[in-house]
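Just so we're aligned: the sequence shown equals residues 24 to 261 in my numbering. Before any comments, here is the structure.
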Amino acid sequence: MAYTTESIQKFLETTCSLWSFPLFCAYLAMIVLSPIYQRVTSPLQMRPILIIHNFACSAASLYAMLGLLYGLSQSESTFQKGPSELMIPFFRIYWITKLVELLDTVFMMLRHRRRQISFLHVYHHCSMLLLSDVSYNLYPWPCIAFYLAINCFVHIVLYLYYGLSATFPDKSFPWKKHITQLQLLQFFIGFVHATIGHIYHGFCIYGIFYGMSMTILFSNFYYIAYVKGKNPSKSHQS
């Protein structure tokens with residue numbers, strides 16, 4: 024497949040036509056304007072809301088993962104293309120969870136935790152918002168469900184951790200570092216699958232580039248947080 028100016032233009036036109044694109048723009052505008060908000064307000068205490076939000080996201084990811092895995096079990100392979108009517112409802116749930124997870128950033132802003140709104144945090148939430156929209160509305164395929172199911176598993180653990188941390192703020196949970204390792208494993212599996220898919224099944228190469236970008240960003244986070252010993256922030260929700 025040749026990646027010409029026309030193909031890139033089509034990619035951009037498709038992105039801009041997504042239902043989620045206006046929300047994507049509003050999300051970025053909110054982040055840009057967040058310093059102004061912080062100057063004129065006081066931080067809010069939102070512990071009960073955070074507990075509900077995190078456990079709800081974990082439960083939704085579990086439900087979506089089980090549905091996607093069942094759909095994959097009924098498919099020919101994890102490289103199969105073409106819409107799967109069986110999995111479309113779970114693609115929809117996955118997309119909705121990405122909309123809800125934008126509240127992570129809203130809560131950070133309301134609590135005046137702007138330091139946590141890192142480039143990795145913004146890049147991940149923005150890209151997943153658009154990619155989940157594309158997956159549900161254009162490509163509800165088994166080969167895409169493979170990545171979504173893995174990501175759901177990571178989010179089950181991730182939001183469970185944050186839910187427990189919000190519920191028991193004085194208790195230390197030892198698995199924070201292992202969650203980042205799990206995320207890196209997720210990207211490695213996705214990279215291998217996308218590369219095989221591109222070489223032998225005609226997958227789009229953009230998936231490889233996206234996986235590489237996430238691997239680089241999360242590896243940098245892991246190095247800073249756990250090798251150099253700096254404090255990780257809640258900016259690595261993948």
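All C-beta atoms, glycine included, are put in the ideal place defined by N, C-alpha and C. In this text, all values refer to a predicted model and were calculated from it rather than measured experimentally.
In chain order, what residues of the same chain lie with their CB nearer than 8 Å to the CB of residue i, ignoring the 5 residues before and after it?
{"i": "Ala83", "result": "Ile116, Ile119, Thr120, Val123"}
{"i": "Tyr159", "result": "Ile111, Phe114, Arg115, Tyr117, Trp118"}
{"i": "Ser150", "result": "Tyr233"}
{"i": "Ile140", "result": "Ile54, Ser57, Thr128, Met131, Met132, Ser258"}
{"i": "Thr238", "result": "Leu207, Phe210, Phe211, Phe214"}
Just the C-alpha distance for residue i and residue j, rounded to the nearest angstrom, thanks.
{"i": "His224", "j": "Gly234", "result": "18 Å"}
{"i": "Ile167", "j": "Ile219", "result": "14 Å"}
{"i": "Gly213", "j": "Tyr170", "result": "6 Å"}
{"i": "Met53", "j": "His148", "result": "13 Å"}
{"i": "Met132", "j": "Gln61", "result": "8 Å"}
{"i": "Thr101", "j": "Leu161", "result": "18 Å"}
{"i": "Ser188", "j": "Gln68", "result": "15 Å"}
{"i": "Ile74", "j": "Lys251", "result": "30 Å"}
{"i": "Leu51", "j": "Tyr146", "result": "10 Å"}
{"i": "Leu125", "j": "Arg138", "result": "16 Å"}
{"i": "Tyr245", "j": "Ile31", "result": "32 Å"}
{"i": "Pro45", "j": "Thr38", "result": "11 Å"}
{"i": "Ile222", "j": "Arg70", "result": "48 Å"}
{"i": "Leu183", "j": "Phe241", "result": "20 Å"}
{"i": "Leu266", "j": "Leu91", "result": "One cannot answer for residue 266 here, as it falls past the ends of the chain, which runs 24 to 261."}
{"i": "Leu249", "j": "Leu89", "result": "The sequence as given places Tyr at residue 249; Leu does not occur at that position. Spanning the two alpha carbons is a distance of roughly 32 Å."}
{"i": "Cys80", "j": "Phe191", "result": "18 Å"}
{"i": "Ser40", "j": "Gly230", "result": "20 Å"}
{"i": "His76", "j": "His216", "result": "32 Å"}
{"i": "Ile72", "j": "Pro66", "result": "14 Å"}
Specify the secondary structure class of residue i as computed by DSSP and reduced to three states.
{"i": "Arg138", "result": "helix"}
{"i": "Phe232", "result": "helix"}
{"i": "Gly225", "result": "coil"}
{"i": "Leu67", "result": "coil"}
{"i": "Leu126", "result": "helix"}
{"i": "Leu240", "result": "helix"}
{"i": "Gly105", "result": "coil"}
{"i": "Phe78", "result": "helix"}
{"i": "Lys251", "result": "coil"}
{"i": "Met24", "result": "For Met24, the predicted model reports a pLDDT of 45, less than 50, meaning its position is unreliable; a value from the coordinates is still stated below. Three-state result, Met24: coil."}
{"i": "Ser100", "result": "coil"}
{"i": "Ser43", "result": "coil"}
{"i": "Met53", "result": "helix"}
{"i": "Met131", "result": "helix"}
{"i": "Met110", "result": "coil"}
Excluding sequence positions up to five away, which residues of its chain have a Cβ less than 7 Å from the Cβ of residue i?
{"i": "Pro106", "result": "Pro163, Trp164"}
{"i": "Phe47", "result": "Cys149, Leu152, Leu153"}
{"i": "Val177", "result": "Leu205, Gln206, Gln209, Ser261"}
{"i": "Ser43", "result": "Leu152, Leu153, Asp156"}
{"i": "Ala87", "result": "Phe113, Ile116, Tyr117, Thr120, Cys175"}
{"i": "Phe196", "result": "Tyr184, Leu187, Ser188"}
{"i": "Ile202", "result": "Val180, Leu181, Tyr184"}
Any Cβ of chain D within less than 8 Å of the Cβ of residue i?
{"i": "His148", "result": "Judged by its chain identifiers, the structure shown contains no chain D, having just a single protein chain."}
Fully enclosed by the segment 158-211, which alpha helix (DSSP H) runs are 4 residues long or longer? 165-190
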